[in-house]
Amino acid sequence: MPYQPAFDLDLKFGEQGEEWISLLLANQYKCQGCGEEQGLRVEVKRERDMWHSTGNLFFEFEYNGNPSGFKSTKAEWWVHILTLHGHNKGALIIPVWKIRSELRKLVSEGVARVTPGGDYNKARGVLLPLGQVGRLFI
Numbered sequence: 009m010p011y012q013p014a015f016d017l018d019l020k021f022g023e024q025g026e027e028w029i030s031l032l033l034a035n036q037y038k039c040q041g042c043g044e045e046q047g048l049r050v051e052v053k054r055e056r057d058m059w060h061s062t063g064n065l066f067f068e069f070e071y072n073g074n075p076s077g078f079k080s081t082k083a084e085w086w087v088h089i090l091t092l093h094g095h096n097k098g099a100l101i102i103p104v105w106k107i108r109s110e111l112r113k114l115v116s117e118g119v120a121r122v123t124p125g126g127d128y129n130k131a132r133g134v135l136l137p138l139g140q141v142g143r144l145f146i
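Sequential numbering of the sequence shown, starting at 9, is according to our numbering.
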C-alpha cells in the first residue's frame, strides 16, 4: 500500500511531541491518574569542546570515589548539552534509566569504556564514541 499522508494524524503526533518537550523544559507534568501537577526532575550536564576534538562523550558516574552523575542522580531525565567555544550546539535528552542500562551494556560489549576524566582525572565515567550515541535510544 503506498504512503498516504494523513495531515491530521501527523499534526496530532507533532503536537504531542511539542507538549512533551514543553513540559520537560518547564520541569512539570500531570501525574498519571491523579491529574495533579508534579515536578519533573531533569539533570543537565554541559560538555565542553573536548567532545568535538576527541569524538567521544563523557558520562560521569563517580567523583573522588563517590557516586555522582548518572549513577547518583534522582532525576528522571538526563539532558547532555554539547558546547563548542562556549556556544550550545545541541543536546541529548534521555531517560536516566536508559542511560544507566545502555551504557552498562555498551561497556560490556566493548563499544564504550570506563575511564578517568574531568578536572585532574578525579572523576570516572563512560567514554562513548559519538558514532554510537544513537544506541542510547534503542
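Think of the CB as a built atom: it goes at the ideal place given N, C-alpha and C, for glycine as much as any other residue.
1) Closest to E110 by CA distance: which of A131, I146, H88, L92 is it?
2) Roughly how many angstroms lie between the CA atoms of E26 and L32, to the nearest whole one?
3) Could you tell me whether the Cβ atoms of R143 and I89 are closer together than 8 Å?
4) What are the boundary residues of the alpha helix (DSSP H) that includes K79?
5) To the nearest angstrom, how far is it from the Cα of S61 to the Cα of K82?
6) Please look up how many angstroms separate the CB atoms of L135 and F66, rounded, as I've assumed it's under 8 Å.
7) Can you tell me which of E84, H95, E68 puts its alpha carbon nearest to the alpha carbon of V50?
8) From the DSSP output, in three-state form, read off L135 for me.
9) So, is W6 buried or exposed, given that buried needs 16 or more other C-beta atoms within 10 angstroms?
10) What separation, rounded to the nearest whole angstrom, lies between the Cα atoms of N96 and M58?
In terms of the structure at hand:
1) Nearest C-alpha to E110: I146.
2) In a straight line, the C-alpha of E26 is about 10 Å away from that of L32.
3) No, the pair does not count as a contact, with Cβ atoms beyond the cut-off.
4) It spans 77 to 80 - the alpha helix (DSSP H) in which K79 sits, taken as one unbroken run.
5) Roughly 31 Å separates the two Cα atoms.
6) Contact flag correct, Cβ pair sits at about 6 Å.
7) Ranked by Cα distance from V50, the options E84, H95, E68 are led by E84.
8) Residue state, collapsed to three classes: strand.
9) Residue 6 lies beyond the range of the chain shown here (9 to 146); nothing can be said about it.
10) CA-to-CA, the gap between N96 and M58 works out to about 13 Å.
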